[in-house]
Each structure stands twice: as structure tokens, then as C-alpha cells.
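If you count by the numbering used here, then the sequence shown holds residues 46 to 247, one letter each, in order. The C-beta atom is built at its ideal place from N, Cα and C for all residues, glycine as well.
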Amino acid sequence: MLQANDIAWTYNGKTWLFQHKTVAIERGEVVGIYGFSGSGKTSFGKILARHMKPSEGTVTLDGVPLPMSGRSPVQLIFQHPEQAINPRWKMRRVLLESGPIDRDIFEAFGLQDHWLDRYPHELSGGELQRFAIVRAFHPEVSYIVADEMTTMLDSVTQQAIWRAFFRIARMRQMGMLIISHDFALLECLCDRVLDFETMKPL
Ligand SMILES: Nc1ncnc2c1ncn2[C@@H]1O[C@H](COP(=O)(O)OP(=O)(O)O)[C@@H](O)[C@H]1O
Ligand SMILES: [Mg+2]
């Protein structure tokens, strides 16, 4: 189980962006977090995926604090893949950085072999996002935090991505936290949806 216990965060050391955020996600569970823009959802996602150490509180996986080094078992997928991928690397290197390429996952997301020899700017936003997702599914990953993962994409691409995403995540019994400002999307994808403000079910 992935647990965030009484998490607080401040960027400036003076004012809290948020405090007292607690959530527990089981493996195989899909939890949504809904909230308005600027409320701190992305910052919370970064804390869960170990990109930042919380100002207060702890993040534990199966009762043990998340290690701050090595490949994280909790992977974050951002809204803007171009910000998460090294623009100077070809896609083959981007993928190989997270370990050997899993052929099933590669194909589930409709990636094409000749794209591996391209740079990030030579792919569309949807293609690049699919690479970012495939990279996140490394063998040791057990939780995915999807932060506005398909917000920038057209609805056909959104559907294709979510379908492949759920197929792989369910097969591997992964836990998922889906962050979005789109309540209809969360309602359709998640087992339960929490209001980021109160962390209570909506
Ligand atoms: N690196 C940063 N330094 C200072 N303030 C930041 C930083 N990143 C985000 N913020 C601020 O924190 C607030 C919450 O941002 P964010 O976590 O992205 O919220 P959300 O994802 O809910 O829109 C915003 O007001 C944003 O401007
Ligand atoms: Mg955000």
C-alpha cells in the first residue's frame, strides 16, 4: 500500500501551499484527485513520486519510507512530456534509461520502432506522451501517479492511451493515482475520487 501521511508543503518556507494531506492507495486500486488549478495537486504528486521531500509528513510503501535514491517504485507522468524527457536524447536512449524495453508494453501503446531513432521534437505530443508512459512502466514500478496525463491530447488519443494504460496497470496489479481537474474523466476511470481540498470522497 502507498500511503501519504499528513503531508504538508511550502515553497517559500513561510506559507503552506497545503497541509494535512493523507491518502492510502492499495495495489490494483485507482484513486482520483480532483481540485482546482493552483491548489497544489502537481506538487503533491511530485512528493508521492519522490521528486520532492515533503516539508512535513511521510510517504511510505508497504509501511516503509520511500527510498530517496534508485529508480522509484512510484512513477509520475506529467501533463507535458517534453518537460520530462531530455531533448538531446533520441527516444531509444530515453527508453533504455529505465531498463530494457518491454516489447508487450511498447506495442500496447502503439509505439513504432522507427520512432526510436527520433529526437523528442520529432514526435507529436501524443506520441511523446506514450513514450513517457512506457518509460514509467519499468519492472520495479508498483504505483503510477498520472498528473493531467492526457489533458493536452485529442479525445481519440486520450481514449487509446487510457485503454492501454489500464490494460498494463491491471495486468501488473499496479496502484494508480489520477490527478485531474476534469471530474467527468475521473468519475469514469476511478474506483473513488477525492477532493484535494478536503481529501474526502466526492
Ligand atoms: N517551483 C515552484 N516554486 C514556487 N512556487 C511554485 C513552484 N511550483 C508551483 N508553484 C506554485 O504552487 C502553487 C500550486 O502549484 P501546483 O502544485 O502546480 O498546483 P496544481 O497542479 O493544483 O495546479 C501554484 O500557485 C504555483 O504557482
Ligand atoms: Mg497541476
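Contact between the stretch 66-74 and the stretch 152-170 is absent: fewer than 3 CB-CB pairs across the two stretches fall below 8 Å. Nearest to residue 58 by alpha-carbon distance, out of 170, 99, 108, 110, is 99. The stretch 116-133 makes contact with the stretch 177-188: 3 or more CB pairs, one atom from each, lie closer than 8 Å. Every residue whose beta carbon comes nearer than 5 Å to a heavy atom of ligand 1 appears here in chain order: 56, 82, 83, 84, 85, 86, 87, 88. Contact between the stretch 190-209 and the stretch 101-109 is absent: fewer than three C-beta pairs spanning the two stretches fall below 8 Å. By DSSP's assignment, residue 51 forms no beta bridge with any residue. Using a cutoff of 7 Å, the CB of residue 193 counts as near ligand 2, since one of the ligand's heavy atoms is closer than that. About 18 Å separates the Cβ atoms of residue 179 and residue 223, ruling out a contact at the 8 Å cut-off.
Closest in C-alpha terms to residue 86, from the list 173, 116, 194, 141, comes 194. Proximity to residue 90 across 159, 188, 211, 213 peaks at 188, based on C-alpha coordinates. Contact check for residue 238 against residue 79 passes: the beta carbons are separated by less than 8 Å. Among the bridge pairs identified by DSSP, residue 101 is matched with 53. Note on geometry: alpha-carbon atoms of residue 76 and residue 160 lie some 32 Å from one another. Shortest Cα-Cα distance from residue 49 to any of 157, 113, 170, 94 involves 94. Each residue's CA atom was taken as its position, placing residue 135 and residue 171 some 17 Å apart.
Apart from the 5 residues on each side of it in sequence, residue 97 sits with its Cβ closer than 8 Å to the Cβ of 54, 88, 91 in its chain, given in chain order.
Residue pairing by DSSP places residue 191 opposite 122, 223 in a beta bridge.
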